[in-house]
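Mapping of the sequence shown onto the working numbering: residues 1 to 309, in sequence order. First up is the structure itself, then whatever we jot down about it.
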Amino acid sequence: MNSVRAFAPATVANVSCGFDILGFAIDAMGDVVEVRERNEPGLQVVSITGDGGRLPFEAEKNTCAVAIKAMLDELGQDIGMEIYLEKGLPLGSGMGSSAASAVAALVAANRLLGEPFEKKQLLPFAMVAEKVACGAGHADNVAPSLLGGFVLIRDYHPLDVIKLHVPDGLHCTLLHPHFELKTSDSRSVLRDSVSLKHSTIQSGNVAGLIAGLFQEDFELIGRSLRDVIAEPYRATLIPGFYEVKEAVKAAGALGMGISGSGPTLFALSKGEQTVQSIIDAAQQVYDSIGLGVDTYHSAINTQGAFVLE
């Protein structure tokens, strides 16, 4: 075996109340990376498609190469590899685009090397790539993209990642308005401290969301999708946010929030029966403000990244 292709899914990070500690994977789309052996040492990004020519080919700046290098450094090896990236995710969308690229590259390279690491052990290497891409090595995108399902990052020192239960029938609708919102801009509007009142509310919602997942209590899940820390500030950067939120909840969504740092919005629902109503309601709002939107829907991806045979 001298080449391996792997797929890593899109993700929703934060999940409203779970700022920087919760995320889940989406079935609808993702990135594909092929890794090939090369005779010379070092990593070379040979091809990138689907990015509109915007992603860097330099190994020290490309998340695929950065992640693989972190893994090879851990192994103490300098093996030559070529990287071919097929972007299935829009950049700056809030759907874990950089995370999916890094994760797919790691899964492919790990298989090419004979799988010296278990899947979960690849997570720190993906976080190194996230730091290069976003300025912070958070795991709320890379962990669900790698492992699938809902993931809780309980702590970073040491890293403690827990997979959560996913109720049957839980669906997600993604609304991607046609503009780009930089992660740096989304983080710049956040406050450095929160009040005791808001901390208490947020803690209750995180606990409620996790309890709702394990108890398969969809109403509790919906009540818990409330963010009082990041959303009030980030919503001001997303045109029509509150109008869309009101419309999709009236159409049957359990709740709605900002996917990652935005501008993509996510809405959770019980089953597929309300998905089209949710999409139609959101579309009406975006039409009224003259903003285009792409919509996607799927069940929660519980598999995570995998090798394409």
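Idealized CB from N, CA, C, for every residue including glycine.
DSSP beta-bridge partners of residue i
i: residue 134; result: Note: residue 134 sits in no beta bridge, so no partner.
i: residue 33; result: 6, 85
i: residue 23; result: 13, 151
i: residue 267; result: 173, 256
Rounded separation between residue i and residue j - CA only
i: residue 190; j: residue 125; result: 27 Å
i: residue 27; j: residue 140; result: 17 Å
i: residue 277; j: residue 37; result: 48 Å
i: residue 358; j: residue 283; result: Residue 358 is absent from the model: the chain starts at 1 and stops at 309.
i: residue 92; j: residue 260; result: 10 Å
i: residue 214; j: residue 267; result: 19 Å
i: residue 222; j: residue 145; result: 23 Å
i: residue 319; j: residue 77; result: Here the chain covers residues 1 to 309 and nothing more, so residue 319 does not appear.
i: residue 288; j: residue 111; result: 49 Å
i: residue 99; j: residue 64; result: 9 Å
i: residue 314; j: residue 103; result: Since the first and last residues shown for the chain are 1 and 309, residue 314 lies out of range.
i: residue 229; j: residue 128; result: 26 Å
i: residue 203; j: residue 17; result: 8 Å
i: residue 275; j: residue 167; result: 17 Å
i: residue 86; j: residue 6; result: 10 Å
i: residue 210; j: residue 184; result: 28 Å
i: residue 265; j: residue 253; result: 12 Å
First through last residue of the beta strand (DSSP E) which encompasses residue i
i: residue 155; result: 150-156
i: residue 294; result: 293-299
i: residue 241; result: No beta strand (DSSP E) holds residue 241; the alpha helix (DSSP H) holding it covers 241-250.
i: residue 238; result: Premise fails: residue 238 is in no beta strand (DSSP E) and is neither H nor E.
i: residue 106; result: Taken as a continuous stretch (DSSP letters only), residue 106 belongs to no beta strand (DSSP E), being part of the alpha helix (DSSP H) at 97-112.
i: residue 46; result: 43-49
i: residue 139; result: Counting along the chain, residue 139 falls outside any beta strand (DSSP E), and DSSP gives it neither H nor E.
Per-residue burial, residue i [other beta carbons within 10 Å of its own, 16 or more giving buried]
i: residue 54; result: exposed
i: residue 234; result: buried
i: residue 46; result: exposed
i: residue 286; result: buried
i: residue 176; result: buried
i: residue 52; result: exposed
i: residue 199; result: exposed
i: residue 251; result: buried
i: residue 41; result: exposed
i: residue 162; result: exposed
i: residue 227; result: buried
i: residue 376; result: Since the displayed the chain opens at 1 and closes at 309, residue 376 lies outside it and no answer follows.
Helix, strand or coil at residue i [DSSP, three-state]
i: residue 217; result: coil
i: residue 61; result: coil
i: residue 175; result: strand
i: residue 187; result: helix
i: residue 282; result: helix
i: residue 207; result: helix
i: residue 166; result: coil
i: residue 197; result: helix
i: residue 230; result: coil
i: residue 308; result: strand
i: residue 73; result: helix
i: residue 160; result: strand
i: residue 15; result: coil
i: residue 129; result: helix
i: residue 253; result: coil
Any non-hydrogen atom of the ligand SAH closer than 7 Å to residue i Cβ
i: residue 205; result: Here there are no bound small molecules, and the ligand SAH is not part of this structure.
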